[in-house]
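Below, the structure is given as structure tokens:
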């Protein structure tokens, strides 16, 4: 379901301007200038309404987070969460994963999170899946050697496709689970979608991938 445009969206986005990068060109040559320290930087691709990035940033004050989201209405909600909580180690990018194909900053990220991305169910749209080899090539170029991709989805077909994609790309996988909330995995932080799916009894699939 498409979210309605938020009331006073532009005005509210302007109030969060210290947290939002509106133009990818501003970070194309590197992201360390976004933060006033040299802490590791984690990237979330598709942050949605921001529950995951907010709670993760609170628990990890010594990590910097860049959260990318192309939908301005949900980006607004995420940015307002961070602003209202006075969290200083999060910035937002108004954009999507494809923009990082033009990233010239090199291997600056230590981790990437992809949570509940669009499965693009029809085979003809496979190249749009964020775990397709074309995107893995992008991640390889921006992740430090040994950096990780943490992936969660409720879609079994996308998870199977992703595991095969990771394997074909020659990546090591670990902590693979077909039912996250029954696995005993500690430290999981749920997204809004994840809570909705899990309350309906939908299993959550998760894995970690090492580049």
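Numbering (the numbering used here), first residue to last: 1003 to 1213.
Where is the CB? At the ideal position from N, CA and C, for every residue including glycine.
These numbers come from a predicted model, not from an experiment.
Rounded Cβ spacing between residue i and residue j (contact assumed at less than 8 Å)
i: residue 1121; j: residue 1157; result: 4 Å
i: residue 1059; j: residue 1089; result: 5 Å
i: residue 1149; j: residue 1199; result: At roughly 27 Å, the Cβ-Cβ gap does not stay under 8 Å, so residue 1149 and residue 1199 are not in contact.
i: residue 1014; j: residue 1074; result: Residue 1014 to residue 1074, Cβ: 10 Å. No contact.
i: residue 1168; j: residue 1207; result: Rounded, the Cβ-Cβ distance is 13 Å, inconsistent with contact.
i: residue 1091; j: residue 1063; result: 6 Å
Assigned exposure category for residue i - 16 Cβ within 10 Å defines buried
i: residue 1046; result: buried
i: residue 1180; result: exposed
i: residue 1011; result: exposed
i: residue 1115; result: buried
i: residue 1021; result: buried
i: residue 1113; result: buried
i: residue 1081; result: buried
CB contact flag (residue i, residue j, <8 Å)
i: residue 1151; j: residue 1213; result: yes
i: residue 1130; j: residue 1163; result: no
i: residue 977; j: residue 1105; result: Beyond the ends of the chain as shown, which are 1003 and 1213, falls residue 977; an answer cannot be given.
i: residue 1031; j: residue 1107; result: yes
i: residue 1117; j: residue 1048; result: yes
i: residue 1018; j: residue 1085; result: yes
i: residue 1165; j: residue 1209; result: yes
Bounding residues of the alpha helix (DSSP H) (the contiguous stretch that carries residue i)
i: residue 1035; result: It is not in any alpha helix (DSSP H) - residue 1035 carries neither H nor E in the DSSP assignment.
i: residue 1075; result: 1074-1086
i: residue 1169; result: 1158-1170
i: residue 1013; result: 1011-1017
Continuous beta strand (DSSP E) stretch holding residue i: start and end
i: residue 1193; result: Unbroken run through residue 1193: none, as it is neither H nor E.
i: residue 1111; result: 1111-1117
i: residue 1056; result: From DSSP, residue 1056 is part of no beta strand (DSSP E) but of the alpha helix (DSSP H) over 1053-1061.
i: residue 1043; result: 1043-1047
is_contact[residue i, chain B] using C-beta, thresh 8 Å
i: residue 1048; result: In the displayed structure, chain B is absent; only one protein chain is listed.
Exercise for the section: Flag this pair as touching only if the stretch 1095-1109 and the stretch 1021-1028 have three or more C-beta atom pairs under 8 Å; answer yes or no. Expected result: Yes, they touch.
Exercise for the section: Count the CB pairs spanning the stretch 1163-1182 and the stretch 1030-1050 that are closer than 8 Å, and state whether there are at least three. Expected result: no
Practice task
Evaluate contact between the stretch 1182-1201 and the stretch 1052-1059, counting only Cβ atoms and requiring at least three cross-stretch pairs below 8 Å.
Solution key: yes
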